[in-house]
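All remarks here apply to the structure that follows.
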Amino acid sequence: MKQTNVIKAEGLTKMFGDFTAVNAITFEVKKGEIFGFLGANGAGKTTAMKMLIGILTPTSGNAQVANFDVYTNPDNIKKNIGYMSQKFALYDDLTVKENITFFGGIYGLSREQIKEKRCQLVEELGLKDVVNELVSSLPLGWKQKLAFSVALLHEPKIIFLDEPTGGVDPITRRQFWEMIYKTAHNGTTVFVTTHYMDEAEYCDRVSIMVDGKIEALDSPKKLKEHFKAASINDVFLKLARG
Amino acid sequence: MKRFIGFIKKEFYHIFRDRRSLFILFGMPIAQIMLFGFAITNEINNVDIAILDKSKGATTQEIINKITSSKYFSNKQLIENEAEIEAVFKKGKVKAVLILENDFSKNLIKENNATVQIITDATDPNTANTISNYTSSILHNYQQEVNKDIQIAYQIIPQTKMVYNPELKSVFMFVPGVMTIILMLVSAMMTSISITREKELGTMEILLVSPLKPFQVIIGKVFPYIFLSIINAVVIVLLSIFIFKMPVEGSLFLLGFESVLFIINALSLGILISTISETQQTAMMISLMGLMLPVILLSGFIFPITSMPVPLQVISNIIPAKWFIIILKGIMLKGVGIALVWKETMILLGMTVFFIGLSIKKYKIRLE
Chain W
1 MKQTNVIKAE GLTKMFGDFT AVNAITFEVK KGEIFGFLGA NGAGKTTAMK
51 MLIGILTPTS GNAQVANFDV YTNPDNIKKN IGYMSQKFAL YDDLTVKENI
101 TFFGGIYGLS REQIKEKRCQ LVEELGLKDV VNELVSSLPL GWKQKLAFSV
151 ALLHEPKIIF LDEPTGGVDP ITRRQFWEMI YKTAHNGTTV FVTTHYMDEA
201 EYCDRVSIMV DGKIEALDSP KKLKEHFKAA SINDVFLKLA RG
Chain X
1 MKRFIGFIKK EFYHIFRDRR SLFILFGMPI AQIMLFGFAI TNEINNVDIA
51 ILDKSKGATT QEIINKITSS KYFSNKQLIE NEAEIEAVFK KGKVKAVLIL
101 ENDFSKNLIK ENNATVQIIT DATDPNTANT ISNYTSSILH NYQQEVNKDI
151 QIAYQIIPQT KMVYNPELKS VFMFVPGVMT IILMLVSAMM TSISITREKE
201 LGTMEILLVS PLKPFQVIIG KVFPYIFLSI INAVVIVLLS IFIFKMPVEG
251 SLFLLGFESV LFIINALSLG ILISTISETQ QTAMMISLMG LMLPVILLSG
301 FIFPITSMPV PLQVISNIIP AKWFIIILKG IMLKGVGIAL VWKETMILLG
351 MTVFFIGLSI KKYKIRLE
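Taken in sequence, the protein lines are chains W and X.
No gaps in the numbering here: position 152 of the first sequence is 152 in my numbering, and each next residue is one more.
No gaps in the numbering here: position 232 of the second sequence is 232 in my numbering, and each next residue is one more.
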């Protein structure tokens, strides 16, 4: 396997009974890339992602994440990836500081590392005044940024973002994408699912899933050329309508 | 290990920052034990009684004195005729009326036969029953005192002795029950709620994606509740010993062991509930309806199992609380050792293993 590919899936399939949620998807993600994983609700995005992050066993096919196999080595995958769900799940009844300490702790960071990371993170996000406030008192946009930073605490090779901008205002979304760029620039691969088609334009490459299959995969520019569409939104509509 | 400590710490933050769970954890046990210990009682003390003495002789006066001087009755009220009986009952305070017939002493001496009529207010059947028993036995005592010099051809004297709780204190019966309810509530309900809470918030997913193993997550979630349940058990036992003078005849070590076994049993039920419910409300409803009601109604805590219809008696066997109450009563009141409660212990152990196995299976299915 080439060093530059951090995610490699080959014919990855997941069946729930008779229903094929993910149908033999094949793709590769390069190191430092922002990879957009697009699809309508129910197209199989989340299921595919769950197989890659090691909490769902595939029915068939192969996949390696950070050079570890999803069947034999999910534990090592978990150590090398970060994950942020669409709920920006943090503990509301814990303070910003306690959340950072807890999540740093479960990834095995030492007390000194956690302290260092915390100071850095609080500085960058401008959370200095609220570090001892409960997370429940923070606005949604701050929670989202905090959740993202917390998912990056252990410096994962790949970060998986499951619809990370749901319910957030456009300005915050914009700022959030700046954070994503910065992260990718530092060498972390970003794997992001979204159904905001305008966000797809920010990705290096996007894949579009329809009914469990990847129907298109390329850079936004090439996809638009190929489908003769003005935007990714149009590409998506063409694909979804068949 | 350090991860585990961090996890536990987080769990305690959740518990101590939520007033509701704090109240359930620490307020409830004390409130319940006090309530059951002081307010809810089967004993009858200081019952108001009315007396209609038609003969007004020396003998009847003696009987009246005898009755009113017992601790069961007080505030005797003398009434003059039958018409007043209805009125005193309706006022509600008087629970029993004693009617001594005309020419009581004369009948007693001439015909060796005199009647006392006891009328009780049976709106509360238990109280009525107990009052009539108390009164009969006082009368019986009096009769024996009077007759002690007279030879009667033959006589059967029942000598009753109540063992293990000679004073028939109802608190002795309630303590094991309350302890069972509270351990069940704290262990099963609180854990199932706290696990489903993580599911609802989406943090469970984050934990499962982290390097923590699923079983570590679950152990981390339940550990604080094991700890708090043990504290609760200790508080209940201390309260019952020092406030209600409840004896612990058997070994404290065995009591502790059985309590921990029951706590683990309840925790595994809690985990099982959390695997089948998606929201905190569901978890709470299942815990309350599925666990609390059977514990209160079918465990033999309040209603004796032997007087239940057969189908209910059969059902009561699958309720862990039934076996724990038997064990608790055995150890605390009778002072029995493991030799006499091993069967119940094995049943509890078997149930625990079964519940844990089932929740592991359910949990795995969910992960798939």
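Positions of the beta carbon are idealized from the N, C-alpha and C atoms, including for glycine.
query = Between the C-alpha atoms of Gly36(W) and Glu215(W), what's the straight-line distance to the nearest angstrom?
reply = C-alpha separation (whole angstroms): 13 Å.
task = Please report the residue range of the beta strand (DSSP E) in which Thr282(X) lies.
result = Premise fails: Thr282(X) lies in the alpha helix (DSSP H), 280 to 285, not in any beta strand (DSSP E).
request  = Classify His185(W) as buried or exposed, calling it buried when 16 or more other Cβ atoms lie within 10 Å of its own Cβ.
outcome  = exposed
task = Over the uninterrupted alpha helix (DSSP H) stretch that includes Tyr142(X), give me the two end residues.
result = 125 to 146
inquiry  = Determine, for Leu223(W), whether the minimum Cβ-Cβ distance to residues of chain X falls below 8 Å.
reply    = no
query = So is Asp69(W) in contact with chain X if we call contact Cβ pairs under 8 Å?
reply = When Cβ-Cβ separations below 8 Å define contact, Asp69(W) makes no contact with chain X.
task = Taking Ala89(W) as the query, report the chain X residues whose CB atoms sit under 8 Å from its CB, ordered along the chain.
result = Leu201, Gly202, Thr203, Glu205, Ile206
message = So for Met246(X), helix, strand or coil by DSSP?
response = Here Met246(X) sits in coil by DSSP.
task = Taking only beta-carbon positions, decide if Gly335(X) is within less than 8 Å of chain W.
result = no
ask   = By how many angstroms is the C-alpha of Ile236(X) removed from the C-alpha of Tyr107(W)?
value = 39 Å
ask   = So which residues of chain X does Ser149(W) contact, with C-beta pairs closer than 9 Å?
value = Residues of chain X passing the Cβ test: none, with the nearest at roughly 14 Å.
query = Would you call Lys2(W) buried or exposed, if buried means 16 or more other Cβ atoms sit within 10 Å of its Cβ?
reply = Confidence in Lys2(W) is poor, its pLDDT being 45 and thus under 50, which makes the residue's placement too unreliable to answer from.
The alpha helix (DSSP H) enclosing Ala48(W), as first and last residue numbers = Element bounds for Ala48(W): 45 to 52.
ask   = Hey, does Ser137(W) have any beta-carbon neighbour from chain X nearer than 8 Å?
value = no
query = What do you get for Tyr119(W), buried or exposed, if any count of 16 or more other CB atoms within 10 angstroms of its CB means buried?
reply = The question names Tyr, but residue 119(W) is Cys in the sequence shown. So Cys119(W) ends up on the exposed side.
request  = Flag Phe12(X) as yes if its beta-carbon sits less than 8 Å from any beta-carbon of chain W, otherwise no.
outcome  = no
ask   = Counting along the chain, where does the beta strand (DSSP E) carrying Ile319(X) start and finish?
value = No beta strand (DSSP E) contains Ile319(X), which DSSP labels as neither H nor E.
message = Taking its Cβ as the centre, do 16 or more other Cβ atoms sit within 10 Å of Asn99(W), making it buried, or is it exposed?
response = buried
task = Please classify Asn80(W): does DSSP put it in a helix, a strand, or coil?
result = helix
ask   = Given that Phe23(X) touches chain W, what residues does it touch there, using C-beta distances under 8 Å?
value = Chain W residues near Phe23(X): none, gap ~16 Å exceeds 8 Å.
query = Which class does Leu90(W) belong to by DSSP, given the choice of helix, strand or coil?
reply = coil
task = Could you say if the segment 25 to 45 of chain W and the segment 189 to 207 of chain W meet the contact criterion of at least three C-beta pairs nearer than 8 Å?
result = yes
query = Nearest chain W C-beta to Ser210(X) closer than 8 Å, yes or no?
reply = yes
ask   = Checking contacts by CB at 8 Å: is Lys213(W) closer than that to chain X?
value = no
ask   = So, does the CB of Glu163(W) fall closer than 8 Å to a CB anywhere in chain X?
value = no
task = My understanding is that Ser287(X) touches Ala321(X), with C-beta atoms under 8 Å, so please give their C-beta distance in whole angstroms.
result = Rounded, the Cβ-Cβ distance is 13 Å, inconsistent with contact.
request  = Put Ala66(W) into one of helix, strand or coil per three-state DSSP.
outcome  = When secondary structure is reduced to three states using DSSP, Ala66(W) falls in the coil class, being assigned neither helix nor strand.
task = Apply the 10 Å Cβ neighbour rule to Tyr83(W) and answer buried if 16 or more other Cβ atoms are within range, or exposed otherwise.
result = Per the 10 Å Cβ criterion, buried.
task = Say whether chain W places a C-beta atom closer than 8 Å to the C-beta of Phe7(X).
result = So yes, Phe7(X) belongs to the interface.
inquiry  = Distance cutoff 8 Å, beta carbons only. Does Asp18(X) sit that close to anything in chain A?
reply    = The structure shown contains no chain A; the protein chains it does contain are W and X.
task = Using the DSSP secondary-structure output, state which residues sit across from Phe27(W) in a beta bridge.
result = Ala9(W)
request  = Give the straight-line distance between the Cα atoms of Val235(W) and Asp211(W), rounded to the nearest whole angstrom.
outcome  = 16 Å
Under the three-state DSSP convention, the category Lys2(W) falls into = For Lys2(W), the pLDDT reaches just 45, beneath the cut-off of 50, and the residue's location in the model is therefore unreliable, although a value from the coordinates is still provided. Looking at Lys2(W) - three-state DSSP - the assignment turns out to be coil, as it is neither helix nor strand.
message = Quick check on Val217(X): buried or exposed, where buried means 16 or more other Cβ atoms within 10 Å of its Cβ?
response = Taking all protein chains shown into account, Val217(X) has 16 or more neighbouring C-beta atoms within 10 Å of its C-beta and is therefore buried.
message = Please return the same chain residues whose Cβ sits closer than 7 Å to the Cβ of Phe354(X), not counting the five positions on each side in sequence.
response = If we look at Phe354(X) and ignore the five residues flanking it on each side, it has no Cβ neighbours.
key: Reference Gly17(W); option with closest CA among Pro58(W), Leu38(W), Gly39(W), Gly11(W)   = When only C-alpha atoms are compared, the closest one is Pro58(W).
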